[in-house]
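For the sequence shown, full-length UniProt numbering gives the first residue as 1, with consecutive numbering after it. Positions of the beta carbon are idealized from the N, C-alpha and C atoms, including for glycine. Following: one structure in structure tokens, then a few remarks.
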Amino acid sequence: MKQYPAFPITHGCTDRTDGSFGSRDERQQWFAQHYPHTPYFEVHQKHTGTVLVLDGKVQPSEAYNTTADAIVSKQKNIIMAVKTADCVPVLLYDPAAQVGAVIHSGWKGTLANIVQKTVHAMKQQGASAYHIQAFLGPAINACCYSVSDKRIAAFTEAGLPVHGNSLCLAELVAIQLKREGVDDIIAPITCTSCQSERYFSYRREGPDHGTMISFVCL
Ligand SMILES: [Zn+2]
1 MKQYPAFPIT HGCTDRTDGS FGSRDERQQW FAQHYPHTPY FEVHQKHTGT VLVLDGKVQP
61 SEAYNTTADA IVSKQKNIIM AVKTADCVPV LLYDPAAQVG AVIHSGWKGT LANIVQKTVH
121 AMKQQGASAY HIQAFLGPAI NACCYSVSDK RIAAFTEAGL PVHGNSLCLA ELVAIQLKRE
181 GVDDIIAPIT CTSCQSERYF SYRREGPDHG TMISFVCL
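Structure (structure tokens):
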């Protein structure tokens, strides 16, 4: 698991060495071991633009059955996590308002601008774009992510700059964050597809791919 000292709250991004996390049970067990007595929240990810706000009443099982691709909360001592294998995991935190979020933004989520919807949901919880810090976890890079002309056209129509026929999703997510006023972005250059010794990749491994978990705990 990798943690980045510059990101100011408890967080992490798993890799191959932590396991492949095929089931919710495996994920829950791993978190119970590493963060005992800390409720674990994940949502039913479907590449949507939908955000779930945890207000203290939502139970982990209810979140798990909710279709969404981002979670926002001010609750302390809970884990909020997203699963990825090429898509961009985005961790957000406003240290002034103490509001956190996790986002799963693949190409569909990026087109749906789930980043914008999540930042808006954070603002409704008292956050301000000026204070929000962002961390982008391991994702597929342009070197391994050439896509169809049709998909490139969809990004261009959405007002996102694309060069050639490859997508760098992390770069596009960073542009979306900046458009919302979030400038404090940590985005180490990674590629889940070519860094195969370290990461799982849907594009490289197909439907039987393993999963990485990215999480925050306020
Ligand atoms: Zn690559």
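- Residue state for residue 144 is assigned as helix, using DSSP reduced to three classes.
- Cβ-Cβ distances below 6 Å link residue 86 to 140, 192, 201, 202, 203 in the same chain, with the five nearest sequence neighbours on each side left out; the list follows chain order.
- The bridge partners DSSP lists for residue 91 are 102, 135.
- Residue 215 carries a strand assignment under DSSP once its states are collapsed to helix, strand and coil.
- The C-alpha of residue 218 is placed about 7 Å away from the C-alpha of residue 10.
- Secondary structure note for residue 115: its alpha helix (DSSP H) is the uninterrupted segment 114–124.
- Counting along the chain, no beta strand (DSSP E) covers residue 152; the unbroken alpha helix (DSSP H) around it starts and ends at 149–157.
- When DSSP states are grouped into helix, strand and coil, residue 31 belongs to the helix group.
- Counting of Cβ neighbours within 10 angstroms places residue 104 among the buried residues, the total reaching 16 or more.
- Short note on residue 13: C-beta not closer than 6 Å to any heavy atom of ligand 1.
- Note that the C-beta distance between residue 166 and residue 142 is below 7 Å.
- The Cβ atoms of residue 21 and residue 91 do not sit closer than 7 Å to each other.
- In this structure, the CA atom of residue 123 is about 24 Å from the CA atom of residue 12.
- For residue 108, the enclosing alpha helix (DSSP H) has its first and last residue at 107–111.
- With a beta-carbon spacing of about 11 Å, residue 68 and residue 41 fall beyond the 8 Å limit used to define contacts.
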